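Going by the working numbering, the letters in the sequence shown line up with residues 2 to 229, in that order.
We put the beta carbon where it would ideally sit given N, CA and C, even for glycine.
If you're wondering where the values come from, they're calculated on a predicted model, not measured in any experiment.
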Amino acid sequence: MAFVLKSKSEQEAASAARKASSLAGFNLDDLAGQGLAQLEHAKTEAQNVLRQAKAQAEQVLQQARQDGHAEGLKQAEKDVDARVKKEASALATQQVAAMKRATSELQQTYQDWMQQYASVLQQTILAAIEKIVVARVDSEKEVLLRWTAEALSKTRAATDLTVAVHPELLAELGQQLDELVAQSDLPERTTVVPDESLSMSDVVIRQSGGEIRAGLQAQLDRLAELLQ
Numbered sequence: 002m003a004f005v006l007k008s009k010s011e012q013e014a015a016s017a018a019r020k021a022s023s024l025a026g027f028n029l030d031d032l033a034g035q036g037l038a039q040l041e042h043a044k045t046e047a048q049n050v051l052r053q054a055k056a057q058a059e060q061v062l063q064q065a066r067q068d069g070h071a072e073g074l075k076q077a078e079k080d081v082d083a084r085v086k087k088e089a090s091a092l093a094t095q096q097v098a099a100m101k102r103a104t105s106e107l108q109q110t111y112q113d114w115m116q117q118y119a120s121v122l123q124q125t126i127l128a129a130i131e132k133i134v135v136a137r138v139d140s141e142k143e144v145l146l147r148w149t150a151e152a153l154s155k156t157r158a159a160t161d162l163t164v165a166v167h168p169e170l171l172a173e174l175g176q177q178l179d180e181l182v183a184q185s186d187l188p189e190r191t192t193v194v195p196d197e198s199l200s201m202s203d204v205v206i207r208q209s210g211g212e213i214r215a216g217l218q219a220q221l222d223r224l225a226e227l228l229q
């Protein structure tokens, strides 16, 4: 019986493409420009503070000169020197802090972008592979037989096995599946049964200790784990 294998590959590929297109607009030059702008702003603010301090200091000196007191002038000069040094130190501290903040923000933004890019790239690869494999399974159902054989080889210790597939798949591959489970090295109680809850590309091998999925989605899940 002919059938069409349904998949989400096209939707996933389109979604991944949209995300990739969005990431393509990311510009490291713009990011660097933002960081430099932040540094320049911090530098300007610090310089304004220093100019204000110098202006206030000049007022103190002028007042001392007007008063004509030598001792007052000397003390004023000391005050000016101390204030300028203090403001210069504050300026340097602010600039260093601004540079650290800008560097940290740049690094975090870049790391976030790279992580997002890796995720989109993985989704794009998986969507492309799924599209190829779906087409292959749709045209060559024997691929499912190979996956089933590989899964059965991992159940040598089982006492009984049940191979579950979609009814339409059973109608199409029933003879090949019967031949597959009739192997002498498999448990005598190994049967093939229909299961409408499964998709056309699913194969599930059930045993007392659990089950092994050998269909298309299981293969894609394993591939996704390898790409992480």
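Beta-carbon proximity check, Ala150 vs Leu199, cutoff 8 Å:
Contact annotation: Ala150 and Leu199 have beta-carbon atoms that are not nearer than 8 Å.
Thr45 burial status per 10 Å Cβ neighbour count (16 or more: buried):
exposed
Taking C-alpha atoms, which residue in Glu189, Gln96, Leu217, Lys79 lies nearest to Thr160?
Glu189
Trp148 vs Gln208 beta-carbon contact at 8 Å
no
Terminal residues of the continuous alpha helix (DSSP H) containing Gln184?
Per DSSP, Gln184 belongs to no alpha helix (DSSP H) and is neither H nor E.
When the Cα atoms are used, what is the spatial distance from Lys101 to Asp222?
42 Å
Nonlocal neighbours in the same chain, by C-beta distance under 6 Å from Phe27, ignoring five residues either side:
Its pLDDT being 46, under 50, Phe27 is placed unreliably in this model, and the value from its coordinates should be taken loosely. Here the set comprises Trp114.
Can you tell me whether Asp203 is buried or exposed? The criterion is at least 16 other CB atoms within 10 Å of its CB, across all chains shown.
It counts as buried.
Which whole-angstrom value is the C-beta distance of Leu145 and Leu171, which I expect to be below 8 Å?
11 Å between Cβ atoms; not a contact.
Please list, in chain order, all residues of the same chain as Val205 whose beta carbon is under 6 Å from its beta carbon, the five residues on each side excluded.
Ala165, Glu212, Arg214
Quick check: Gln1 and Leu107, are their CB atoms within less than 8 Å of each other?
Within the shown structure, residues of the chain are numbered from 2 to 229, placing residue 1 beyond reach of any answer.
Mapping the DSSP letters down to three states, classify Leu162 as helix, strand or coil.
strand
For the stretch 191-229, list the beta strand (DSSP E) runs that are entirely contained and at least 3 residues long, ordered along the chain.
204-208, 211-214
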